[in-house]
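Residue numbers (this note's numbering): 1012 to 1592. Written below as structure tokens is the structure these notes are about.
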DNA sequence: GCCGTTTTCGGCCCGACTGTTTTCAGTCG
């Protein structure tokens, strides 16, 4: 068992103990131990060594013994015994917002509810509202949550399926019968939410490619299998479609299945204007063209396909019919930012607050990615659940960073804070403390249900502070989970432009905001973008890739994104706003 | 269940919000 699996088993023990109504501190002990073990850099052998285990903070005799049992046998008698006491589907009830252990326990004991389906039935018959501690409103909310769950079923965050998709694409590309391979669809357009994955393969041996695809390790089961199209379900639960075409058909198939639908409609109309028809296989003369159509040009790739319609090449991210055709016609498409353009990043967490990796580990990971600088921004004191930093601990971290910068020169570390914006728009630290830092990330983590007016005023007040360098995740949305709070984005963008505050594209796949749809407006107002990973562990610095995708969808270039500046440039930029004092 | 030197028991994370209550429990971040 890996340490991640062991941590998951401990989490499950904690959940089941909660359902039993155990001592809350005992429950927390299991949760803490799970977190500790996940963050622990240790080998498989260490997981079987009780003495080594007991040295992990939060792991004592009892938990060490259970971890050892899990590591050596792959199961735990204690966990199995707990599982026997509850129906397995009861755990899915925790995915309904507003339901915690106490409420689930009541539903289970008093209404024999043990799955989402049974909960829905209980709500519809009105039995839930009659339970003590519940009411009509709660019952209604549960119904709405179940409906929203059903609506989102089959939707995935881009980041949740990306590694599986890339693995499958790479393996297909390595197949000797595959001549050209690409992912198409919304994944290729870098939409933040995808419903399926489309693979396009050019080959002369469709059967060989299809057979290889169907038996790939990430494939859970085959839904349909035909000569040109095959559908499977992957381990993550997403459906993946494979289309095998000839080399000549490939650019047409790739373009057609990349979409979007709206983009394709414009493309087809441009074909009709020329007396042609366009489909997923070719351009052909339109059957009922009024006059003799112009000769159909040879098309070997997508670039030539766009050229055939009098257009510059349109990057997949822009294919949303949001002005890309006009720009491609008059040669004003932007040169979009590339991952390689990023020279550094900000807004990274460490173990000082709720990160999983140490300052040194985060810095080393940034260096490995080839970054010239990294900004550390742990949570501020109000974020108690995230172990937010008080002034004194912030000073300690500043000293550590200063020392790090003295001992190594290959990457520059900036010292910052992710400072909470309090209810009234004031900040979690005084200016005197903020002034000592290289940068300040301001963000909202509380009081989400203010009115739009109040929230807008709150955020504008916060970013008007001279020491606030950038505004993080401006609506607080969690994709497929929680809508953003009400806020007047254009007003916030005006204030950001006026005060010289950068606005973040939070690259974490669950956030990906400020949403790409706002960026053309933001850019027109002169707002500058900063792409940050909001990384809580070293491996998540890789999320910058998703942030760049979002920036590209927002038509942003290297010049629009401050962290494309080299170290000397960013040092100057960091000082600009506060020099207005 | 873990932790600790003011230890071997007693504390362990706090505040806002919501909906249910009529003074508070449960959930969430």
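Glycine is no exception: its CB is placed at the ideal position from the N, C-alpha and C atoms. All values reported here derive from a predicted model rather than from experimental measurement.
Close beta carbons around residue i, own chain, < 7 Å, minus the five adjacent residues each side
i            : result
residue 1474 : 1453, 1482, 1506, 1507, 1510, 1512
residue 1361 : 1368, 1369, 1370, 1373, 1387, 1389
residue 1285 : 1304, 1305
residue 1378 : 1421, 1422
residue 1071 : 1065
residue 1584 : 1573, 1576
Beta-carbon contacts of residue i that lie in its chain and below 6 Å, excluding the five residues immediately before and after
i            : result
residue 1402 : 1444
residue 1045 : 1018, 1021, 1022
residue 1412 : 1424, 1426
residue 1382 : 1355
residue 1098 : 1125
residue 1247 : 1172, 1175
Rounded straight-line distance, which links the Cα of residue j to that of residue i
i            : j            : result
residue 1365 : residue 1548 : 9 Å
residue 1096 : residue 1103 : 16 Å
residue 1384 : residue 1136 : 59 Å
residue 1371 : residue 1416 : 11 Å
residue 1464 : residue 1391 : 25 Å
residue 1177 : residue 1148 : 44 Å
residue 1567 : residue 1256 : 34 Å
residue 1436 : residue 1467 : 9 Å
residue 1527 : residue 1333 : 12 Å
residue 1478 : residue 1406 : 17 Å
residue 1186 : residue 1220 : 8 Å
residue 1188 : residue 1215 : 7 Å
residue 1308 : residue 1319 : 6 Å
residue 1484 : residue 1237 : 44 Å
residue 1273 : residue 1261 : 21 Å
residue 1352 : residue 1079 : 46 Å
residue 1092 : residue 1042 : 19 Å
residue 1134 : residue 1495 : 27 Å
residue 1249 : residue 1172 : 8 Å
residue 1449 : residue 1590 : 13 Å
residue 1277 : residue 1321 : 13 Å
Residue j beta carbon less than 8 Å from that of residue i
i            : j            : result
residue 1488 : residue 1447 : no
residue 1254 : residue 1268 : yes
residue 1518 : residue 1542 : yes
residue 1310 : residue 1294 : yes
residue 1125 : residue 1101 : yes
residue 1266 : residue 1206 : no
residue 1328 : residue 1564 : yes
residue 1027 : residue 1037 : no
residue 1540 : residue 1570 : no
residue 1200 : residue 1404 : no
residue 1486 : residue 1498 : yes
residue 1229 : residue 1183 : no
residue 1030 : residue 1155 : no
residue 1529 : residue 1500 : yes
residue 1348 : residue 1559 : yes
residue 1122 : residue 1153 : no
Identified DSSP bridge partners for residue i
i            : result
residue 1210 : 1194, 1253
residue 1384 : 1355, 1423
residue 1515 : 1541
residue 1232 : 1244
residue 1296 : 1287
residue 1263 : DSSP output for residue 1263 lists no bridge partner at all.
residue 1389 : 1428
residue 1320 : DSSP lists no partner for residue 1320.
residue 1400 : 1391
Close Cβ partners of residue i (< 8 Å) along its chain, the five nearest in sequence each way excluded
i            : result
residue 1380 : 1552, 1553, 1555
residue 1288 : 1279, 1282, 1294, 1295, 1296, 1297, 1298
heavy atom of the ligand FAD below 7 Å from residue i C-beta
i            : result
residue 1442 : This structure simply doesn't include the ligand FAD, nor any ligand for that matter.
Within the stretch 1429 to 1499, ranges of the alpha helix (DSSP H) (whole runs, at least 4 residues): 1442 to 1446, 1463 to 1474
Contained alpha helix (DSSP H) runs [length at least 4] in the stretch 1056 to 1141, N- to C-terminal order: 1061 to 1065, 1072 to 1084, 1088 to 1095, 1112 to 1122, 1127 to 1135, 1138 to 1141
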